[in-house]
Amino acid sequence: MNVGHVLRSKGGEAARVRADDELQTAARLLGSRKTGLALVIDAAGRLLGVISAMDIMRAVGDHGADAAKMPVKAVMTSDVGVCCSQDSVQHALEQMVARRVRHLPVVDDGVVKGVIRLRDAVEFRVGEVEMEAEELRRYIYGAGYR
Amino acid sequence: MKAREIMTRDVVTVTQSTSIAEIATLLVRNKISAVPVMSDDNRIVGIVSETDLMHRDETGTDHPKWWLELFLGADGRARDYVKSHGLKAENVMTHTVISVSEDADAANIADILESHRIRRVPVLRDGKLVGIISRSDFVRALANVDVGARDIKRNDATLQKAIYEQVQYQPWINAAFLSFTVKDGVADLRGFVDSDDQRQALQVLVEGVRGVRKVNNNVQRRPRQRVERRR
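So the protein lines, in turn, are chains A and B.
Residue numbers for the first sequence, in this note's numbering: -1 to 144.
Residue numbers for the second sequence, in this note's numbering: 56 to 286.
Below you can see the structure in the form of structure tokens.
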């Protein structure tokens, strides 16, 4: 089971903006999608960074209403950890914990596939661990032979 | 931008004696992550967040491991015990609440949320709660800010449209019972709201629309619906 499975079962579709979009556009998108994070991509679908509610808060704090006209690229976070569809869910989780983030963009061959959320990854791992335990129990008690 | 331009005005609150179960229900129903706790004289005395409710039997997050640790007697365990077995808001709330005034600058508020690693901050006027601000309020404020029209005199039709847009974005008010007309920059508000607080908040909201010179607030409180008597 890998990151690709989680994306397919949980729907990892993420909000996307362009680096030259105005910050107000990004804010409206986050509001209407009820999410705290959007991916910043270029015309070819390559990931340039992410923009979060935290980034927008910082920009409004620093620039007030003028932040609305600023380009997304001025405030986005470009040092973003990523994973690919083939990575194990465990690996994605470890990355999120190490970076103290709750979302990880999934990038295959340079193209963004979506975002894996901490919550979905944890849910998936818990399910996996429970299944493993059940299989182990069956093996020990020989349930498979009855 | 000031706190008053950013904050959410309709704040769900509890009292010190509100039960944990009720608080949990409020958080889920209103899709919020915390509630301020108010004293009898309407002062904020604490805040209860999702985190404060964890380790509770009712929420199904109580782990056997936690019990073991309790009996190992490490510092702070007794407090956790109260958190798990206290029945009311006053037993689980965080007492030291960082709050801001409605004149606080957005920059300060952003600093506070970041540096204290908190998710929300109550907004006070003369010690009374008038709003609450979280990160998503900044996002909403920026989404609504009217940049293009700044310093430009706007015609009445544009103003009217701007007012409708502003009002429709507010979760605390039902725009279906309201109408707005604008003449020479003077906004005339008519219709019905549920409370005087809403009426007042609506006025502040419309006053904040750039280009509005004056507001005539003719909005009324909706008459209470009579319960039909059975005969």
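Quick reminder that beta carbons are idealized off the backbone N, C-alpha and C, glycines included.
C-alpha distance - residue i paired with residue j, whole-angstrom precision
i: A/Leu21; j: B/Gly263; result: 21 Å
i: A/Leu45; j: A/Val38; result: 6 Å
i: B/Trp227; j: B/Ser170; result: 30 Å
i: A/Leu102; j: B/Leu257; result: 40 Å
i: A/Met55; j: A/Tyr137; result: 53 Å
i: A/Met129; j: B/Ile173; result: 37 Å
i: B/Asn229; j: A/Leu35; result: 29 Å
Test: residue i CB closer than 7 Å to a CB of chain A
i: B/Leu108; result: no
i: B/Met56; result: yes
i: B/Arg195; result: yes
i: B/Val200; result: yes
i: B/Arg64; result: no
i: B/Ala165; result: yes
Beta-carbon contacts of residue i that lie in its chain and below 6 Å, excluding the five residues immediately before and after
i: B/Asp107; result: Val147
i: A/Ser86; result: Asn0
i: B/Arg180; result: Glu157
CB contact check: residue i to chain B, cutoff 7 Å
i: A/Met94; result: no
i: A/Ala12; result: no
i: A/Met55; result: yes
i: A/Ala17; result: no
i: A/Arg123; result: no
i: A/Val58; result: yes
i: A/Gly62; result: yes
i: A/Leu28; result: yes
i: A/Ala66; result: yes
i: A/Gln22; result: yes
i: A/Ala25; result: yes
For residue i, the first and last residue of its enclosing beta strand (DSSP E)
i: B/Gly186; result: 183 to 189
i: B/Gln275; result: 269 to 276
i: A/Ala106; result: Looking at the sequence provided, one finds Asp at residue 106 of chain A rather than Ala. Segment 101 to 106, the beta strand (DSSP E) holding A/Asp106.
i: B/Asp243; result: 241 to 248
i: B/Val176; result: 175 to 180
i: B/Ser88; result: Taken as a continuous stretch (DSSP letters only), B/Ser88 belongs to no beta strand (DSSP E), as it is neither H nor E.
Nonlocal neighbours in the same chain, by C-beta distance under 8 Å from residue i, ignoring five residues either side
i: B/Gly186; result: Ala58, Arg59, Met62, Thr63, Arg64, Val66, Glu157, Pro177, Val178
i: B/Lys183; result: Asn97, Arg98
i: A/Asp18; result: Pro69, Val70, Lys71
i: B/Leu82; result: Ser88, Ala89, Val90, Glu105, Leu108
Limits of the unbroken alpha helix (DSSP H) element including residue i
i: B/Ala76; result: 75 to 85
i: A/Phe122; result: 116 to 139
i: B/Lys238; result: First-last for B/Lys238: 233 to 238, but that is the beta strand (DSSP E), not the alpha helix (DSSP H).
Residues of its chain near residue i, where Cβ-Cβ distance is below 7 Å and the 5 sequence neighbours each way are ignored
i: B/Ala268; result: Residue identity check: residue 268 of chain B is Arg in the sequence provided, not Ala. Around B/Arg268: Gly240, Val241.
i: A/Gly47; result: Val38, Met74, Thr75, Ser76, Val78
i: A/Leu134; result: none
i: B/Gln223; result: Ala230
Buried/exposed call for residue i, threshold 16 Cβ in 10 Å
i: B/Pro364; result: Residue 364 of chain B lies beyond the stretch modelled for chain B, which goes from 56 to 286, so this question has no answer here.
i: A/His3; result: exposed
i: B/Ser189; result: buried
Listed by chain order, chain D residues near residue i by CB distance under 7 Å
i: A/Met52; result: In the displayed structure, chain D is absent; the protein chains listed are A and B.
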